[in-house]
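Residue numbers (this note's numbering): 10 to 382. C-beta atoms are modelled at their ideal positions from N, C-alpha and C, and glycine is treated no differently. Structure first, commentary second.
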Amino acid sequence: MNVGEQLRTMRKKAGLTQEAVADAMNVTRQTLSNWERSVNLPDIYMLARLAFVYHVSFDEVFLGKTYFKGGRTMKTNYSDAQVENLIGRHYPDAREIQILSGGLVSQTFSFRSGTNRLIFQAGGRKEAYEKERYIGRMYGHILPVRAVNGVYVNGDGSAYCFSDYIEGCKVFDLSQQERTGIVPSVLDLLERIAAIRAPADSGCGRFDETGAARFGSWREFVSSVYCDDLYDWRGFESKGFDIGVVRKCIAVLKNDIDCLDIGRPCLIHGDIGSYNLLAEGARISGAIDWSLALYGDPLYEVANVLFWNEDKLQPLVSALKERYLSDEPNEKKLRCYMLRIGLEEIHNTAVLGEIGYDDAWVLGRLREIAERL
Numbered sequence: 010m011n012v013g014e015q016l017r018t019m020r021k022k023a024g025l026t027q028e029a030v031a032d033a034m035n036v037t038r039q040t041l042s043n044w045e046r047s048v049n050l051p052d053i054y055m056l057a058r059l060a061f062v063y064h065v066s067f068d069e070v071f072l073g074k075t076y077f078k079g080g081r082t083m084k085t086n087y088s089d090a091q092v093e094n095l096i097g098r099h100y101p102d103a104r105e106i107q108i109l110s111g112g113l114v115s116q117t118f119s120f121r122s123g124t125n126r127l128i129f130q131a132g133g134r135k136e137a138y139e140k141e142r143y144i145g146r147m148y149g150h151i152l153p154v155r156a157v158n159g160v161y162v163n164g165d166g167s168a169y170c171f172s173d174y175i176e177g178c179k180v181f182d183l184s185q186q187e188r189t190g191i192v193p194s195v196l197d198l199l200e201r202i203a204a205i206r207a208p209a210d211s212g213c214g215r216f217d218e219t220g221a222a223r224f225g226s227w228r229e230f231v232s233s234v235y236c237d238d239l240y241d242w243r244g245f246e247s248k249g250f251d252i253g254v255v256r257k258c259i260a261v262l263k264n265d266i267d268c269l270d271i272g273r274p275c276l277i278h279g280d281i282g283s284y285n286l287l288a289e290g291a292r293i294s295g296a297i298d299w300s301l302a303l304y305g306d307p308l309y310e311v312a313n314v315l316f317w318n319e320d321k322l323q324p325l326v327s328a329l330k331e332r333y334l335s336d337e338p339n340e341k342k343l344r345c346y347m348l349r350i351g352l353e354e355i356h357n358t359a360v361l362g363e364i365g366y367d368d369a370w371v372l373g374r375l376r377e378i379a380e381r382l
């Protein structure tokens, strides 16, 4: 889904016409139409105003993701005063507190303390911050990841953490030329991540903040998406969604599941995207948000980038297609992985009500992959 499609989806979810939004934004209807067709795009100021008009968070507009049926998972949305108070509680000399674009369920700020620049994050789950700390401790010496200095929980159960600042800007903010220029560095990062073997007896699939994964084998993790005890596809159908697409995808996945044997599982970031990569010049300086990290086949990382087909990462998408889709065994595995990624996404949003991409787009993408790739 490109930026224009995302903006159009958000407007429709808000139940607004182009005329109503244009009037609220004090722009012409043609300007809004151009944004929704990606003829040209709004600047940061206009994106913030769109978020206000659509009653969504700035991150939803900025990062290009949409909430399914208005679902929220952020426990607490802190005011500026509360943020300053929380930071000051741990760093009394904190200064230059600045808001950064966070994740879909978090707030992120940078600040200075002494000679150090640090990051404050709030709104996410304690387990996610602990997992980030685990990644830093285990792999910080070989990967450009944040070192988490402390994870805390307030009386209301909301969590926050502090970590070291990584220089660089999000790939999302780079120009087209700059995004093309960082492709070699991204490919190098993917290779470095893929070279990291999972700890012995750690299991497969997504792991927790201690590094333990729940599945005994990689094939068990992939096939779990059609396990009735774990995924409620009857609930999906009862909500009026097109179960035919899901059945088709599951049939393809079952037919090809035997090709997914791997040796010892490797580390997978699980959410490589323009908003989780930091760049400094032509070099990737940071890979952030490891909450979806897992152990398994490194091709799953490639499949994730290809499935989401992010507008901001087209140079990388092209490079990955050239490298991996020319090989038939890889192509079959990638299709299996993309189907699993899409099935999990649509189940989480449609059945569980979690945050995710627009359901119509995900179903369309699944249909395309099952029928054409």
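The shortest CA-to-CA distance from Arg-228 to any of Thr-124, Tyr-309, Asp-336 is the one to Tyr-309.
In this structure, Asp-238 sits away from Leu-372, with a CB-CB distance that is not shorter than 9 Å.
Closest in C-alpha terms to Thr-117, from the list Glu-136, Tyr-100, Ile-96, Gly-123, comes Ile-96. Beta-bridge pairing by DSSP links Leu-287 to Lys-179, Gly-295. Residue pairing for Thr-117: DSSP places it in a beta bridge opposite Leu-109, Gln-130. In the DSSP assignment, Gly-225 forms no beta bridge with any residue. As a beta-bridge residue in DSSP terms, Ile-277 pairs with Leu-303. Put simply, of Leu-127, Lys-22, Val-92 the residue whose alpha carbon is nearest the alpha carbon of Asn-163 is Val-92.
Of the other Cβ atoms in all chains shown, 16 or more fall within 10 Å of the Cβ of Asn-285; this residue is therefore buried. Taking each of Ala-288, Glu-14, Asp-241, Arg-206 in turn and checking the Cα distance to Asn-49, the smallest one comes out for Glu-14. In the displayed model, Cys-236 falls within coil according to three-state DSSP, outside both helix and strand. Around the beta carbon of Asn-313, a 10 Å sphere encloses 16 or more other beta carbons of the protein chains shown; the residue is thus reported as buried. Distance from Arg-273 to Arg-206 at the Cβ level is roughly 5 Å; contact confirmed, criterion being Cβ atoms closer than 8 Å. A direct Cα-to-Cα measurement between Glu-380 and Gly-123 gives close to 57 Å.
Taking the C-beta atoms as reference points, Leu-16 is found nearer than 9 Å to Trp-44. Nearest to Val-360 by C-alpha distance, out of Lys-257, Glu-246, Asp-89, Tyr-174, is Glu-246. Under the DSSP definition of a beta bridge, Asp-173 partners with Leu-127.
DSSP places Asn-35 outside both helix and strand once states are collapsed to three, so it counts as coil. Looking at Ser-283, Cys-345, Glu-353, Asn-339, the one whose alpha-carbon comes closest to that of Gln-323 is Ser-283.
The three-state secondary structure of Arg-155, taken from DSSP, is coil.
Within the same chain, and ignoring the five residues on either side of Ala-288 in sequence, the residues whose Cβ sits closer than 7 Å to its Cβ are Gly-177, Cys-178, Val-180, Leu-183, Ile-191, Ser-294.
For Cys-268, there is no enclosing alpha helix (DSSP H), as DSSP gives it neither H nor E. Of the candidates Arg-134, Arg-98, Asn-318, Leu-352, the residue whose Cα lies closest to the Cα of Asp-241 is Leu-352. For Tyr-366, the closest of Asn-318, Arg-256, Lys-263 by C-alpha to C-alpha distance is Asn-318. Across the set Leu-41, Lys-342, Glu-218, Gly-244, the C-alpha of Glu-218 shows the shortest separation from the C-alpha of Tyr-143. Tyr-138 is a Cβ neighbour of Val-160, given a cutoff of 9 Å. Sequence-distant partners of Ala-31 (beyond 5 residues in either direction) whose C-beta falls short of 8 Å from its own C-beta, in its chain, are Thr-37, Arg-38, Thr-40, Leu-41. With 16 or more other CB atoms across the displayed protein chains lying within 10 angstroms of its CB, Glu-141 is buried.
A residue is called buried when at least 16 other Cβ atoms come within 10 angstroms of its Cβ; His-150 does not meet this threshold and is exposed. Apart from sequence neighbours up to five positions away, the residues of its chain that approach Tyr-148 with a beta-carbon distance below 8 Å are Val-154, Ile-205, Leu-276, ordered along the chain.
Following the DSSP letters along the chain, one finds Gly-97 inside the alpha helix (DSSP H) bounded by residues 89-99.
C-alpha of Arg-46 to C-alpha of Lys-263: approximately 38 Å in a straight line.
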